[in-house]
Each structure stands twice: as C-alpha cells, then as structure tokens.
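What follows is one structure encoded as structure tokens, with my remarks underneath.
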Amino acid sequence: MLVNNRWVRASGDLNGKPISIQYREDWQLAADTDDYGVCVQIAWHADSQDESTGFPAADEQDQILAFHQALQDQLEPGENALVAMMITHDAINQWIIYCKNLDAMKAALDEIPTEQGLYPIEVVADEDADWRIFRQVYDVIRQQEQP
651 MLVNNRWVRA SGDLNGKPIS IQYREDWQLA ADTDDYGVCV QIAWHADSQD ESTGFPAADE
711 QDQILAFHQA LQDQLEPGEN ALVAMMITHD AINQWIIYCK NLDAMKAALD EIPTEQGLYP
771 IEVVADEDAD WRIFRQVYDV IRQQEQP
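Quick look at the structure:
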C-alpha cells in the first residue's frame, strides 16, 4: 500500500457549527508520485442531524462510517485510488479521493454493496494534479495549529 491507514483528525467551528476533518497522515507520499491527478469528491447529505453536534444522527453516522470503510476496501487495494480526506460539517459528510484512472474508480464504486438501497451521495470529479482541493483544506488546518 502506498500510504498507511493512520488518520489525523482536526476539529473546530465553521460558521458556528462544529466541523471534523480527517486526513491520511502520509498523504504527501501519494501526492508526490504525480500519479493521482483526478480528484473525486463524494458528498453524503444526511437525512438526520444531531442538533447538539450538527453531525448526522448516530444511526446514520454508523451507515456513513460503513460506507467510508467500503470506499477504502473497494478503491484502494489496486492503488488506483486513495481516500485522502473526510470532512463532516452541518450533517454533510464529504470524501476527497484522488485516483489515477477515473473509469477504474467508477467501476470500483459500482462494486460497493448496496443491500439497503442506493447511497444518498453526489459525486463530482475534476482534474487536480497539484492536489489543490486537498491542500486548500489542509493549509487552513495547518494555519490553525500554529501559535
């Protein structure tokens, strides 16, 4: 595997609501290869929200975490794609994924089991060889960590 499965978590507030961002600890290894030039963003708009946290309600959060694991299980073994970041804010979960071949990634996404029906997700893809989308979020996190 190109990168390990250790994640770094950052949390804070955005527009008065909690935000949680998780990213791969050694994401730079994949970015430095110049092989992962397509950024795929997947957004899950939760049907339920825990008003005290702003995050999806617990039962839906369980489904979201299972989907996250399924993404890694389906997309990463052949090293065509890497789930690089997950953002949770205002009852929306967003994954930032980088891939080498978009068609291969689409095929892998289609293989994710859907026993309980289709997932409530939206998927967009953009060329992003410089990892600008990832770095925009990552740079803000880094700025917040500095004294």
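Following the working numbering, the residues of the sequence shown are numbered contiguously, the last one being 797. Every residue gets a Cβ at the ideal spot worked out from N, C-alpha and C, and that includes glycine. Here the structure is a predicted model, which is why all the values come from computation and not from measurement.
- Between the stretch 767-777 and the stretch 684-697, the count of Cβ pairs shorter than 8 Å is three or higher; the stretches touch.
- Buried is the label assigned to Ala681, since at least 16 other Cβ atoms lie within 10 Å of its Cβ.
- Short of 7 Å from the beta carbon of Asp723, and not among the five residues preceding or following it, lies no beta carbon of its own chain.
- Excluding its 5 nearest sequence neighbours in each direction, Val653 has C-beta neighbours in its own chain below 7 Å: Arg674, Asp676, Trp677, Leu679, Ala680, Leu732, listed in chain order.
- Unbroken alpha helix (DSSP H) stretches of 4 residues or longer found wholly inside the stretch 720-780: 752-760, given in chain order.
- Looking at the DSSP output, Ser698 sits in no beta bridge, so it has no partner there.
- Distances from the CA of Phe784 to each of Gln794, Tyr748, Ala758 were compared; the closest alpha carbon is that of Tyr748.
- With at least 16 other beta carbons inside 10 angstroms of its own, Val690 counts as buried.
- Within 10 angstroms of the beta-carbon of Leu721 lie 16 or more other beta-carbons, which makes it buried.
- The beta carbon of Tyr788 lies closer than 7 Å to those of Tyr673 in the same chain, with the five residues before and after it left out.
- With contacts defined by Cβ atoms closer than 8 Å, Val688 and Ala741 do not form a contacting pair.
- Taking each of Leu759, Ile791, Lys750 in turn and checking the Cα distance to Asp778, the smallest one comes out for Lys750.
- Taking a 10 Å sphere around the C-beta of Leu664, we find fewer than 16 other C-beta atoms and assign the residue as exposed.
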